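Engineer: Numbering (the working numbering), first residue to last: 303 to 424. The C-beta atom is built at its ideal place from N, Cα and C for all residues, glycine as well. Remember, it's a predicted structure, so these values are computed and weren't measured experimentally.
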């Protein structure tokens, strides 16, 4: 029954998605790689972001998402999609420490955060 509810929720969320290959995402420009202080700020924000997700507070995580995500995904879709995904994974069990790296690609500086989480159904 839970799986059926999760599938129905995901299908209802997909109805609000706008899939278009003709949209140009907002341009994000980085003039130079991140400083050590910026890397620390990103790492700390990532920890807070993951703590919000792991404690089931997807609604509160929206304020920490990137401008690109905010420009392309409505807040309600973000929140409900995260909740639906977590419903399928089960309750959060633990997270191993993560590493963080900054990569430049196509004139954009972005962060890549890697970690390992475990859930009751995964």
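Is the beta carbon of residue 363 closer than 7 Å to that of residue 354?
Structural biologist: Going by C-beta atoms, residue 354 is nearer than 7 Å to residue 363.
Engineer: According to DSSP, is residue 338 part of a helix, a strand, or is it coil?
Structural biologist: helix
Engineer: If you run the structure through DSSP and keep just helix, strand and coil, what is residue 359?
Structural biologist: coil
Engineer: Comparing alpha-carbon positions, which option in 342, 352 and 344 lies nearest residue 434?
Structural biologist: Since the first residue shown for the chain is 303 and the last is 424, residue 434 is missing from the structure and cannot be characterised.
Engineer: State buried or exposed for residue 333, treating a residue as buried only when at least 16 other CB atoms are found within 10 Å of its CB.
Structural biologist: Its pLDDT being 49, under 50, residue 333 is placed unreliably by the model, and nothing is read from it.
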